[in-house]
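K.L.:
Respectively, the protein sequence lines represent chains Z and W. Letter 151 of the first sequence, counting from 1, is numbered 151 in the working numbering, and no numbers are missing. Letter 116 of the second sequence, counting from 1, is numbered 1116 in the working numbering, and no numbers are missing.
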Amino acid sequence: MRNVWIVTKRELGAYFGTPLAYVFVVIFVALTGAFAFFIGNFFERGQADLQPFFSYHPWLYLLLVPAIAMRLWAEERKAGTIELLMTLPISTGEAIVGKFLAAWLFIGIALVLTFPMWITVNVLGNPDNGVILASYIGSFLMAGAFLAIGSCVSALTRNQVIAFIVAATLCFLLVMSGLELVLGFFRSWAPSFIVDAIASMSFLNHFELISRGVITLPSLFFYFSIIVFFLFANAVVVEQRKAA
Amino acid sequence: MAVLVEADHLRKSFGPILAVEDISLKVEKGEVLGFLGPNGAGKSTTMKMLTGFLEPDAGRARICGISVADRPKEAKARLGYLPEGAPAYGDMSPRSFLNFIAEVRGFDGASKYAHVDAALARTGLEGVATQRIETLSKGFKRRVGIAQAILHDPPVLIMDEPTDGLDPNQKHHVRGLITEMAKDKAIIVSTHILEEVEAVCTRAVVIDRGRIVADGTAEALQQRMPYHNAVAVRIAAAEADRLAAALSALVGVERVERLEVVDGHIRLRALPKPGSSIAADVGALLRDQSIVVEELLVERGKLDDVFREITTSSEGARYA
Chain Z
1 MRNVWIVTKR ELGAYFGTPL AYVFVVIFVA LTGAFAFFIG NFFERGQADL QPFFSYHPWL
61 YLLLVPAIAM RLWAEERKAG TIELLMTLPI STGEAIVGKF LAAWLFIGIA LVLTFPMWIT
121 VNVLGNPDNG VILASYIGSF LMAGAFLAIG SCVSALTRNQ VIAFIVAATL CFLLVMSGLE
181 LVLGFFRSWA PSFIVDAIAS MSFLNHFELI SRGVITLPSL FFYFSIIVFF LFANAVVVEQ
241 RKAA
Chain W
1001 MAVLVEADHL RKSFGPILAV EDISLKVEKG EVLGFLGPNG AGKSTTMKML TGFLEPDAGR
1061 ARICGISVAD RPKEAKARLG YLPEGAPAYG DMSPRSFLNF IAEVRGFDGA SKYAHVDAAL
1121 ARTGLEGVAT QRIETLSKGF KRRVGIAQAI LHDPPVLIMD EPTDGLDPNQ KHHVRGLITE
1181 MAKDKAIIVS THILEEVEAV CTRAVVIDRG RIVADGTAEA LQQRMPYHNA VAVRIAAAEA
1241 DRLAAALSAL VGVERVERLE VVDGHIRLRA LPKPGSSIAA DVGALLRDQS IVVEELLVER
1301 GKLDDVFREI TTSSEGARYA
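Structure, rendered in structure tokens:
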């Protein structure tokens, strides 16, 4: 646990040691706001909630989270520092979890910095703050799931561009899997339990549930199992590289 | 003496390429082992297996008697490793980077800062301690790598080309550092600079195509050269035949070579039979024959030549 925290601390420090952190936070806060106001018709709806704000998070994460995740392992491999990291008395698992937590906390910080949206909606009306809190939790969990996928992909290559594209594509498929566009394709030939299984993999469905204020066990389980599964796969990839 | 590093029939291939075929060696406390070999001979791969970065296909590596594969954390805790090219997190300063290493190595509070300060001082990094590592010169970057390797004063130090790309002063400094630490550690230094072996190593291991082709002191390696202890004399060309005949008659002389003729002078080289020293005899002979000597030189046999001979001969293994 101590080692996990040491790695997390170093990684988190590295984010703020480069312009990456500031660029990311500014863009994230600006885009979430812009989407909510201009596309989500925040004012015109005349409702005191953050629905238009949160409903664009999956699409923003699709672009921004793989950008954070792509460097996690690919950069270590490219710079050769992975050789340093893996010959320190740290286990592979500790390194993976430490790096993941740093990136997740970083996204969490960006998410917290969107608090002016929350203030705005509270000034303008009486929103259900419980729903807003649930939405923030849901958004954070979804970011974690995207991140775990991105981290795993990043360990597969030393090329950050490849890591970005592959991770973004995988995340896109998981987001889209709940839409009729994808389900319709399967419905025509696959048995219904497969269609249901694919639909239940959808990030969007789970996120919509949570952002309506319904935090259900299956949704929590869904996000956490995605995170655990991909971090485990990440460990397998890193160990595999050692043996190859 | 305690064996601190042990490689037991290590073997590693990458796809179809056999990088390390079979390497076994032991390094004791107090030894500085020079790991020599041409590029691609398997030096780095062997070191990566010793440090636990790569898993060997077969064989076993032990640090202080601890199996690297079975108890990696304990083995790695006893090890300082400078990877090739001295990688470090470029966006950190040497001080914050070393703080991170010290924490990973289990130091806290005051002892953490004491170890970091000591490592900075030992490698002469105090002046740049707060600069970003990526803005430092190559020599300083290398020193950052060395600082992180020696920070916890490990019993085993493995350094992959620690002086590569450094200027002569920096090389001298690093070699001084290695010699200074040698007494109570087992140190492995890979290099393809042969003067380094003569300067710091108590033992040299030459590897080629994934196998050990020679193992001994620098002196022992030199003795393999036919020109080791050969005596070259420069005399007037007219005297050449007389002296050559006399030299050939000496007991310890294997044969005599005639070298270049310049300005009416010729150089002759007398090669000794293996293990014999002929300098004194040649000197006495020259006095007896009253030959005027322009120049007299006892050749040592350059390590470079040994290296070339061992690693280019198709049957290099016969030296093992």
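We put the beta carbon where it would ideally sit given N, CA and C, even for glycine. Keep in mind it's a predicted model, so treat the numbers as computed, not measured.
Got a sec: which bits of the segment 1048-1067 of chain W sit with their beta carbon under 8 Å from any beta carbon on chain Z, in order along the chain?
P.N.:
For the segment 1048-1067 of chain W, which is checked against every Cβ of chain Z, the residues closer than 8 Å are K1048, T1051, G1052, F1053, L1054 and E1055.
K.L.:
Once the 5 residues before and after R1255/W are set aside, which same chain residues still bring their CB inside 6 Å of it?
P.N.:
Around R1255/W: L1271.
K.L.:
Looking at C-beta atoms only, is the number of pairs between the segment 223-237 of chain Z and the segment 1138-1152 of chain W that lie closer than 8 Å three or more?
P.N.:
Contact fails: fewer than three Cβ-Cβ distances are below 8 Å.
K.L.:
So I165/Z is in the alpha helix (DSSP H); what residue range does that whole segment cover?
P.N.:
Run containing I165/Z: Q160 to M176, per the alpha helix (DSSP H) assignment.
K.L.:
In whole angstroms, give me the CA-to-CA distance for R1318/W and E1161/W.
P.N.:
With a pLDDT of 41 at R1318/W, under the threshold of 50, the modelled position of this residue cannot be trusted; read the value that follows with caution. Their backbone Cα atoms lie some 27 Å apart in a straight line.
K.L.:
When you check each C-beta in the segment 74-100 of chain Z against every C-beta of chain W, which residues fall closer than 7 Å?
P.N.:
Going along the segment 74-100 of chain Z in chain order, one finds A79, G80, T81, E83, L84, M86, T87, L88, P89, I90 and S91 with a Cβ nearer than 7 Å to chain W.
K.L.:
Give the interface partners of R10/Z over in chain W, defined as CB-CB distance under 7 Å, in chain order.
P.N.:
Neighbours of R10/Z on chain W, chain order: F1100.
K.L.:
Give the DSSP-derived three-state secondary structure of A1075/W in the structure shown.
P.N.:
Looking at A1075/W - three-state DSSP - the assignment turns out to be helix.
K.L.:
Count the C-beta pairs between the segment 75-94 of chain Z and the segment 58-67 of chain Z that are closer than 8 Å, then say yes if the count reaches three, no if not.
P.N.:
Taking 8 Å as the limit for Cβ pairs, the verdict is that the segment 58-67 of chain Z does not touch the segment 75-94 of chain Z.
K.L.:
How far does the alpha helix (DSSP H) with L1018/W in it reach, from first residue to last?
P.N.:
Per DSSP, L1018/W belongs to no alpha helix (DSSP H); it is in the beta strand (DSSP E), I1017 to E1028.
K.L.:
Using DSSP's beta-bridge definition, name the partner residues of H1265/W.
P.N.:
Looking at the DSSP assignment, H1265/W forms a beta bridge with A1236/W and V1262/W.
K.L.:
Going straight from the alpha carbon of A1320/W to that of I1178/W, what length do you get?
P.N.:
Here the model assigns A1320/W a pLDDT of 38, short of 50, so the residue's position is not dependable and the matter cannot be decided.
K.L.:
Using a Cβ-Cβ cut-off of less than 8 Å, list which residues of the segment 1088-1099 of chain W approach chain Z; keep chain order.
P.N.:
Per Cβ criterion, the list reads A1088, Y1089, G1090, D1091, M1092 and S1096.
K.L.:
Report the residue from A145/Z, I215/Z, I194/Z and S154/Z whose alpha carbon sits nearest the alpha carbon of F172/Z.
P.N.:
The shortest Cα separation from F172/Z among A145/Z, I215/Z, I194/Z and S154/Z belongs to A145/Z.
K.L.:
Measuring CB atoms only, is the segment 124-134 of chain Z touching the segment 145-165 of chain Z, in the sense that at least three cross pairs come out at less than 8 Å?
P.N.:
No, because fewer than three Cβ pairs between the segment 124-134 of chain Z and the segment 145-165 of chain Z fall closer than 8 Å, the two stretches do not touch.
K.L.:
Between A143/Z, A21/Z and N41/Z, which has its C-alpha nearest P66/Z's C-alpha?
P.N.:
Looking at the Cα atoms, A143/Z is the closest of the given residues.
K.L.:
Taking 8 Å as the threshold, find out whether the segment 1230-1245 of chain W comes into contact with the segment 1195-1211 of chain W through three or more Cβ pairs.
P.N.:
Segments in contact, no.
K.L.:
Taking 8 Å as the threshold (beta carbon to beta carbon), is N159/Z in contact with chain W?
P.N.:
No, its Cβ sits nowhere closer than 8 Å to a Cβ of chain W.
K.L.:
Leaving aside the five residues before and after I27/Z along the sequence, list all residues of the same chain whose C-beta is less than 6 Å from its C-beta, in chain order.
P.N.:
Excluding residues within five positions, none has a Cβ falling inside 6 Å.
K.L.:
Name the chain W residues that come within less than 8 Å of N3/Z, Cβ to Cβ?
P.N.:
Those within 8 Å of N3/Z in chain W are V1104.
K.L.:
Could you tell me which of G1042/W, T1163/W, E1021/W and L1157/W sits nearest to V1032/W, measuring between CA atoms?
P.N.:
Measuring from the Cα of V1032/W, the nearest candidate turns out to be L1157/W.
K.L.:
Anyone know if the C-beta pair for E1299/W and A1230/W falls short of 8 Å?
P.N.:
Yes, Cβ-Cβ distance for E1299/W and A1230/W is below 8 Å.
K.L.:
Taking 8 Å as the CB-CB cut-off, is A1317/W touching chain Z?
P.N.:
Reliability of the predicted coordinates at A1317/W is poor, the pLDDT of 43 falling under 50, and the value obtained from them is presented with this limitation in mind. No, no contact with chain Z.
K.L.:
Under 6 Å Cβ to Cβ from G1165/W, same chain only, skipping five residues before and after it: list those, please.
P.N.:
Once the five neighbours on either side are set aside, the close Cβ partners of G1165/W are K1138.
K.L.:
Anything in the segment 99-131 of chain Z with a Cβ closer than 7 Å to a Cβ of chain W? List those residues in chain order, please.
P.N.:
From the segment 99-131 of chain Z, no residue has a Cβ closer than 7 Å to chain W.
K.L.:
Taking beta-carbon pairs under 8 Å, can you tell me which members of the segment 1271-1296 of chain W lie near chain Z?
P.N.:
Listed by position along the chain: nothing, the set is empty.
K.L.:
Are there three or more Cβ pairs, one per stretch, closer than 8 Å when the segment 68-85 of chain Z is compared with the segment 44-52 of chain Z?
P.N.:
At 8 Å Cβ cutoff, the stretches do not touch.
K.L.:
At what residues does the beta strand (DSSP E) containing I1159/W begin and finish?
P.N.:
A quick correction: the sequence has Met, not Ile, at residue 1159/W. Start and end: V1156 to D1160.
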